[in-house]
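Asks: The opening position of the sequence shown corresponds to residue -19 in our numbering, with each subsequent residue numbered one higher. Note that beta-carbon positions come from the ideal geometry of N, C-alpha and C, so glycine has one too. The structure under discussion is supplied below as structure tokens; questions concerning it will follow.
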Amino acid sequence: MVNLTQQLSYQQQTLFFENFSIQKLAEKIGTPFYCYSQRAIVDNIKQCQTAFSDPRFHIHYALKANSNLSILKIVAAQNLSADIVSIGEMQRALLAGFSSQQIIFSGVGKTSSEIQQAMQQGVGQFNIESAEELELLIQLAADANHTVNAMIRVNPEVSISTHKNITTGAKGNKFGVRLDQVLKMLHSAKNTQVKIQGLAMHIGSQIQQTTPYLAAIDKLLLHIEMFKTEGFILNNIDLGGGFGISYGQEKSLTFTQFSDVIMQKLKDWKGKIYIEPGRSIIADAGLLITPITYIKHAEPRPFVILEAAMNDLMRPALYQAIHPIITVAQKQGEQQYDVVGPVCESTDTFEKKAKLPALLTPGELVCFLYAGAYCAVMSNSYNSRNIISEVLVNGEEASCIRTAIKQQDLLQFETQPYQLLS
Ligand code: LLP
């Protein structure tokens, strides 16, 4: 039995999200589609704000988890700030109502043009990921005669047990600067228009323990003390995101459990403490709804072939992630199936040996849970498939917050008259 996520319930044997029948929404919007609950998002944000209510904390939502404009407007209205990794995300953040001062610009490969645009907009803070980036930033800030606030993102080289594709603070990861390189960078930034305010880290995603945070914070604090003796005062610290959630199977920590241990460790810290949660704010507030196309009889198990595919939901193919699947019509009985999509790749497999009701029929709807974070944002049009629509439910209101991007839309970019390049 799969536990239902927030705002989901069966009413008269059919699945409801807030006050809406998923079956009815599907008939209106067309399938497959993503669907989010505003109440669930706001609830997650409130829990995060309560846990991190100590005034030293500043919560910056990591846009990469879900940057749909309507979702960002909800997040901005709840007074969170923003963490971005591209100019595209900056444009979205500004449109959604975040002020430029509220934005932290992270990312390992910011281009000159991105840095210049972010400076022009007055982005609040740059998290610098290399000595080379610092050099460029110093140059561009001098050229523009502009003072910028920055932090150096370090790689604290701690190990975490999460999927290997989502660790970012271990030896050999491309992110951040080695702690023994920071002093040199502080010297190069001295007397320039780049004002280094502190150290930042982001050690990975879907982290289910507090120990790696504590180990990493220890390393940061130790170095900050050392830099003080060299005359560099770093007042602020950015812990990144990464707070793990339960995808239905594993046990996860609550925001409060994370904040309690972090606060204990930083009890004497006087400056600001930034955090950048993404997944924990939005993952369980989203669903992916899709019809079944075929039940293909096969050995050792039947395949359930869905209309949705890996291009719509990449996490199973990329990280072997399991998103629990439930039927929209409530049914009894149980049988094992391999649930797959129609794309011509064997990795287009959502779950092997998935337990679903014994009687499934082509055309009926199933629903993937925990599909709010890193799902719609990572979708693409592989196999010339459409990019599917997104819907938001909020109390008595349901709205389409992104219409499907269809082949005829994409084809426009290929059927314009050729632009000769030589
Ligand atoms: N801050 C920085 C600098 C980051 O790189 C990330 C995520 C976050 C914050 C937010 O982390 P979160 O709280 O969401 O764990 N596509 C993968 C996850 C990649 C995360 C990348 N960085 C997935 O679907 O699991």
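Any idea if R295 is buried or exposed, counting beta-carbon neighbours within 10 angstroms, 16 or more meaning buried?
Replies: Burial is judged here by how many other beta carbons sit within 10 angstroms of a residue's own beta carbon; R295 has at least 16 and is buried.
Asks: Cα separation between H182 and Q399?
Replies: 43 Å
Asks: For the beta strand (DSSP E) that contains K332, what are its first and last residues?
Replies: 329 to 336
Asks: Taking 8 Å as the threshold (C-beta atoms), are S50 and L372 in contact?
Replies: yes
Asks: Quick test of your reading: S269 and L345, contact by CB under 8 Å. State the CB separation rounded to the nearest angstrom.
Replies: One point to set straight first is that residue 269 is Ile, not Ser, in the sequence displayed. Correct: roughly 6 Å between the Cβ atoms.
Asks: So V(-18) packs on I306, CB below 8 Å; how close in whole Å?
Replies: 5 Å
Asks: Consult DSSP for A130 and reduce its assignment to one of helix, strand or coil.
Replies: Strand, per DSSP.
Asks: The alpha helix (DSSP H) that contains G68, what's its start and end?
Replies: It spans 67 to 76 - the alpha helix (DSSP H) in which G68 sits, taken as one unbroken run.
Asks: For ligand 3, is there a heavy atom less than 7 Å away from the beta-carbon of F238?
Replies: Because ligand 3 does not appear in the structure shown, any question about it cannot be addressed here, the ligands present being ligand 1.
Asks: Nearest-angstrom Cα distance between D34 and R158?
Replies: 30 Å
Asks: So does H167 have its beta carbon nearer than 7 Å to some heavy atom of ligand 1?
Replies: Not so, every heavy atom of ligand 1 lies at least 7 Å from the Cβ.
Asks: Could you check what DSSP says for H303 in three-state terms: helix, strand or coil?
Replies: coil
Asks: Check for me: the alpha helix (DSSP H) holding A6 runs from which residue to which?
Replies: 2 to 9
Asks: What runs of the alpha helix (DSSP H), each 4 residues or longer, lie entirely inside the stretch 173 to 235?
Replies: 191 to 209
Asks: Given Q82, which residues of its chain have a CB within under 7 Å of its CB, disregarding the five upstream and five downstream residues?
Replies: S61, A62, G104
Asks: Would DSSP call H40 helix, strand or coil?
Replies: strand
Asks: A289 and D318 look like a contact to me (Cβ under 8 Å); what is the Cβ gap, rounded to whole Å?
Replies: With a Cβ gap of about 14 Å, A289 and D318 do not count as contacting.
Asks: Considering only the beta carbon of each residue, do K90 and P136 sit closer than 8 Å?
Replies: no
Asks: Out of curiosity, what's the CA-to-CA distance linking V162 and I197?
Replies: Answer to the nearest angstrom: the Cα atoms are 15 Å apart.
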